[in-house]
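The structure appears below as structure tokens.
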Amino acid sequence: AKGEGRNNVQFYSPRMDENADKRLLLETSLRKALDNREFRVYYQPKVDIVTKKITAMEALIRWEHPLLGLVSPGEFIPLAEETGLIIPIGEWVLRAACMQNRQWLRQGLPQMRVAVNLSGYQFQQKNLLETIRGILGETGLSADLLELEITESVIMQNPDFAVSVLNQLRDLGVHISIDDFGTGYSSLAHLKRFSVNTLKIDKSFVRDVEINSADAAITTAIIAMGNSLNLKVIAEGVETEGQLSFLSDNNCDEVQGYLFSTPMPADKVAGFMREYGGM
Ligand code: C2E
Ligand code: CA
Ligand code: CA
Ligand code: CA
């Protein structure tokens, strides 16, 4: 049935319009995806490099489109941002992740944070604080078990504005990480103003950290910067034992990546924790 649908679209439209058609199809269906319950949240663990304990699970959204199958967030998040749909979708992820973390606690899993990616559009919303406070109240999750990941480039778009929002989030008691760190040009001077807990080294630096001396230098510099400002440093995209050794030798605090686990559906997490955490 999938093949048929695609052929029909090709039949009616010249090749030139294919991209526009796909975009329109995506946009139309994105508007219905929440109501149709087509979104899922997958979870990927963050691991303490010394104790190997899991500190958090990062929520990563998945879209199961009825015709197109799995659409990657890299494809639909930008569209959600352009159309404003990121606001209800982002709120849905926040609520789903907080509810899920409560559920894991009730099931007797060890305490860990749930980390949710925040779009720049959400970060700029006037009612962001109210929304988060509301969801915490509604789900009964304690604020320190929620972590927000905000990219360095979103923060650096307007550092003064970011300082004030980050302060308010800190006062609420949630944990804050700067995502994709190293790609967004913040300096030590900027960093010391931001009330955040963690720097997350972008996976583009981690990939070749063993063989590329520039990537190695950037990675060790970020770790040193984090240490000097009393921030935790986590590396994402860790796939090999070699990368892990490098990060461990250079005192990185936490790691995340396929070496430990790919993102998994919520119902796989309990089993994973039992095996991994030796419960
Ligand atoms: P991100 O926040 O930087 O997430 C890391 C991405 O790297 C994820 O891709 C993850 O699946 C992938 N990844 C994890 N471990 C490895 C590894 O060892 N190697 C490699 N090569 N990749 C790894 P994903 O799930 O496709 O998400 C892509 C991006 O979409 C995210 O990047 C984030 O910017 C955005 N995103 C995902 N979920 C949400 C969400 O709920 N809200 C918002 N606003 N953005 C989201
Ligand atoms: Ca992230
Ligand atoms: Ca990232
Ligand atoms: Ca990224």
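Under the UniProt record's numbering, read the sequence shown as residues 511 to 789, first letter to last.
We put the CB at the ideal spot given by N, CA and C, even for glycine.
Just so you know, these numbers come straight off a predicted model, no measurement behind them.
Do residue j and residue i come within 8 Å of each other at the CB atom, strictly closer than that value?
{"i": "GLU568", "j": "GLN554", "result": "yes"}
{"i": "ASP718", "j": "ASP725", "result": "yes"}
{"i": "PHE633", "j": "VAL603", "result": "no"}
{"i": "LEU741", "j": "LEU709", "result": "yes"}
{"i": "ILE728", "j": "GLY692", "result": "yes"}
{"i": "GLY630", "j": "MET666", "result": "no"}
{"i": "VAL549", "j": "ILE571", "result": "Per the sequence shown, residue 549 should be read as Phe rather than Val. Yes, the Cβ-Cβ distance between PHE549 and ILE571 is below 8 Å."}
{"i": "LEU646", "j": "PRO598", "result": "no"}
{"i": "VAL624", "j": "GLU585", "result": "no"}
{"i": "ALA780", "j": "LEU619", "result": "yes"}
{"i": "VAL684", "j": "GLU659", "result": "no"}
{"i": "GLU601", "j": "THR561", "result": "no"}
{"i": "LEU639", "j": "LEU682", "result": "yes"}
{"i": "GLN753", "j": "GLU785", "result": "no"}
{"i": "TYR768", "j": "GLU751", "result": "no"}
{"i": "MET783", "j": "TYR552", "result": "no"}
{"i": "SER714", "j": "GLU662", "result": "no"}
{"i": "LEU628", "j": "GLN621", "result": "no"}
With DSSP as the reference, identify every bridge partner of residue i, one or two as the case may be.
{"i": "ASP689", "result": "THR661"}
{"i": "LYS556", "result": "ALA566"}
{"i": "TRP573", "result": "PHE549 and VAL581"}
{"i": "VAL656", "result": "A small correction: the amino acid at residue 656 is Leu; Val does not occupy that position in the sequence shown. For LEU656, which the question treats as bridged, DSSP gives the partners VAL624."}
{"i": "MET774", "result": "TYR553"}
{"i": "VAL765", "result": "VAL557 and ALA745"}
Might you give, ordered along the chain, the residues of its own chain that have their beta carbon closer than 6 Å to the beta carbon of residue i, omitting 5 neighbours on each side?
{"i": "ARG680", "result": "SER705"}
{"i": "THR649", "result": "CYS608, MET609 and ARG612"}
{"i": "HIS700", "result": "PRO669"}
{"i": "ALA745", "result": "ILE711, VAL716, LEU757, CYS762 and VAL765"}
{"i": "VAL673", "result": "ARG703"}
{"i": "VAL581", "result": "TRP573 and HIS575"}
{"i": "GLY736", "result": "LEU709 and VAL743"}
Near residue i, what residues of its chain come up, given a Cβ to Cβ distance below 8 Å and the 5 sequence neighbours on each side ignored?
{"i": "SER687", "result": "ALA625, GLU657, LEU658, GLU659, ILE660, VAL706, ASN707, THR708, LEU709, LYS710 and ILE744"}
{"i": "ILE690", "result": "It is worth fixing the name first, because residue 690 is Asp in this sequence and not Ile. Result list for ASP690: THR661, GLU662, SER663, LYS710 and ASP712, in chain order."}
Checking contacts by CB at 8 Å: is residue i closer than that to chain D?
{"i": "VAL581", "result": "In summary, chain D is missing from the structure at hand, where a single protein chain is found."}
Spatial neighbours of residue i within its chain, please: C-beta separation below 7 Å, excluding the five flanking residues on both sides.
{"i": "LEU589", "result": "LEU536, GLU537 and LEU540"}
{"i": "ARG643", "result": "LEU682"}
- Message: My parser needs the beta strand (DSSP E) runs of 3 or more residues fully inside the stretch 708–758; what are they?
- Response: 708–711 and 742–745
- Message: I'd like to know if the stretch 579–593 and the stretch 651–663 are in contact, where contact means that at least 3 CB-CB pairs between them fall below 8 Å.
- Response: no
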